[in-house]
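Asks:
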């Protein structure tokens, strides 16, 4: 099941990610405004679309079983091969997560925000990162990459 995960705090986990990360975006907004809007929208979405924990089971497969016996008379030795079962694991998931994510995105859009994907900074780029705290967010075309709590502007 494909899940769209909305980050709770702007750029959280960006330093650990290896690919693009989702960020709340609105040019000119501060990190505090983005975090506040996201929290407000996530809270509203949870109230509108409560959790619905469901149980699923992964597909199971049992390999064919084969018994081979060797010897004769009273001295027979048998060995069973195969018969192993793979899968069949039980797991829990929130059946409403996708809908709740869409409601959150809709709420953010009504507030003038959107969620966009930006590349994660590598170690060398991270040395040039500036904090997003208290700063107005630049337009996305000026952002080279993101780190936890900040970004690097294009040169």
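In our numbering, the protein residues as written are 648 to 802. We put the CB at the ideal spot given by N, CA and C, even for glycine. The structure displayed is predicted, hence computed values, not measured ones.
1. Once you ignore the five residues that flank residue 752 on each side, which residues in its own chain have a CB closer than 7 Å to its CB?
2. Over what stretch of residues does the alpha helix (DSSP H) that includes residue 795 continue unbroken?
3. If we require 3 or more residues per run, which beta strand (DSSP E) segments fall completely within the region 698 to 734?
4. Please state the DSSP three-state secondary structure of residue 695.
5. Which residues in the same chain have their Cβ closer than 7 Å to the Cβ of residue 754, if we skip the five residues on either side of it in sequence?
6. Here's the rule: buried if 16 or more other CB atoms are within 10 angstroms of the residue's CB, otherwise exposed. What is residue 678?
7. Would you kindly report the start and end of the unbroken alpha helix (DSSP H) that includes residue 773?
8. So residue 761 is in the beta strand (DSSP E); what residue range does that whole segment cover?
9. Can you tell which of 797, 734, 749 has the C-alpha that lies nearest to the C-alpha of residue 668?
10. Identify whether residue 687 lies in helix, strand or coil by the three-state DSSP scheme.
11. Touch check for the region 779 to 798 and the region 718 to 726: three-plus C-beta pairs under 8 Å?
12. Could you say which of 721, 749, 773 lies nearest to residue 685 if we only look at CA atoms?
13. According to DSSP, what are the bridge partners of residue 783?
14. Do you know offhand how far residue 791's Cα is from residue 758's?
15. Can you tell me which of the three DSSP states residue 741 falls into?
16. On the criterion of 16 or more Cβ atoms from any shown chain inside 10 Å, does residue 731 qualify as buried, or is it exposed?
Replies: According to the structure data:
1. Excluding residues within five positions, the ones whose Cβ falls inside 7 Å are 762.
2. The continuous stretches of alpha helix (DSSP H) do not include residue 795, and DSSP gives it neither H nor E.
3. Secondary structure in the region 698 to 734: the beta strand (DSSP E) runs of 3 residues or longer, each lying completely within the stretch, are 700 to 704, 707 to 709, 713 to 719, 722 to 728, 732 to 734 in chain order.
4. Look at residue 695 here: in three-state DSSP terms it is helix.
5. Closer than 7 Å at the Cβ level, and outside the excluded window around residue 754, lie 688, 691, 692.
6. So residue 678 counts as buried.
7. Segment 770 to 773, the alpha helix (DSSP H) holding residue 773.
8. It spans 761 to 765 - the beta strand (DSSP E) in which residue 761 sits, taken as one unbroken run.
9. When the alpha-carbon of residue 668 is set against those of 797, 734, 749, the nearest one is in 797.
10. In the structure shown, residue 687 sits in a helix (DSSP, three-state: H, G or I).
11. With a cut-off of 8 Å on Cβ pairs, the region 779 to 798 is not in contact with the region 718 to 726, counting fewer than three such pairs.
12. Closest in C-alpha terms to residue 685, from the list 721, 749, 773, comes 749.
13. In the DSSP secondary-structure assignment, residue 783 is bridged to 677.
14. A direct Cα-Cα distance of roughly 25 Å separates residue 791 from residue 758.
15. In the structure shown, residue 741 falls within a strand segment according to DSSP collapsed to helix, strand and coil.
16. With fewer than 16 other beta carbons inside 10 angstroms of its own, residue 731 counts as exposed.
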